Each structure stands twice: as structure tokens, then as C-alpha cells.
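Numbering (our numbering), first residue to last: 1 to 138. The structure appears below as C-alpha cells.
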């Protein structure tokens, strides 16, 4: 499919966040036409390419000012007017560095059979003492 002016305009509106119904009215075409175009490889490819370009451009703008954002967060964390704001900023900064803590407990034993985890410590201790006594008497 060759992308004509109407399809390119449709892509522009979709990227800008308009709904399919809004795009169909703005481009003076049916919603079904747009859904059909969205199934076309050339149309999807152009839409994906333009979406990716927009994402890259946005990320470049954010990265260019990242020092300002970090400094502002640090300022809020240390000198924010409310304690809640300070806590949220500090928590965010720490979570960015160390990761978000979880409350899940991980099973590091690798045992899938949970029945092996039930050990009677008193019995184990008696058995150990018995072995130790036998070694000493020999």
C-alpha cells in the first residue's frame, strides 16, 4: 500500500493521541478504513517508525535535563515544605539506586518438596548428641 496524504495525516493524528473516531472525522474517512489501514504492513511500519522517532526525541529532551530533575528531587528531599514530600522524594531516590524493596520471602533452598522443610529440631539434637557420646566412649 502506498501511503497517500490522507494516510500520513491519519498517522499524525493517531500519534498525537486522537481516537479512531476522532481521526476518521478529521481525515474524512470511515473508521473501518482506518482499521483496515492498521492491518496493512506499510501503514503499521510507518506508524511504528514515527512512534519510535517521537519516543527517541522525547527521551533525548528528558536526558538533556536529567541533572536538573535530580537536583530538584534532591532539593525536595532535603528542603521540601512537607515531611510527606520529603519522604516521597527520598524514597524515590533510594529506590532508583537500590531497587524497590519487596515483602516477598524467597525460597533459596531450591527444594520444591515442602515436606522436607518440616524438621524436628529436638530429634535432630538428640541424634547429634547420641553420635557425639558414642564417639567419646569409643
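Even glycine gets a Cβ: it sits at the ideal position worked out from N, Cα and C. Given the structure is predicted, the values throughout are model-derived calculations rather than measurements.
CA nearest to the CA of residue i, picked from the options
i, options, result
"residue 37", "14, 97, 53 and 91", "14"
Short Cβ contact (8 Å threshold) for residue i with residue j
i, j, result
"residue 24", "residue 34", "yes"
"residue 89", "residue 77", "yes"
Range covered by the alpha helix (DSSP H) that runs through residue i
i, result
"residue 3", "Counting along the chain, residue 3 falls outside any alpha helix (DSSP H), and DSSP gives it neither H nor E."
"residue 148", "Outside the modelled stretch of the chain, which goes from 1 to 138, sits residue 148, for which no answer is possible."
"residue 120", "First-last for residue 120: undefined, no H or E at that position."
"residue 74", "66 to 79"
Whole-Å CB distance - residue i paired with residue j, under 8 Å assumed
i, j, result
"residue 6", "residue 29", "6 Å"
"residue 92", "residue 73", "7 Å"
"residue 53", "residue 3", "Incorrect: roughly 15 Å between the Cβ atoms, too far for contact."
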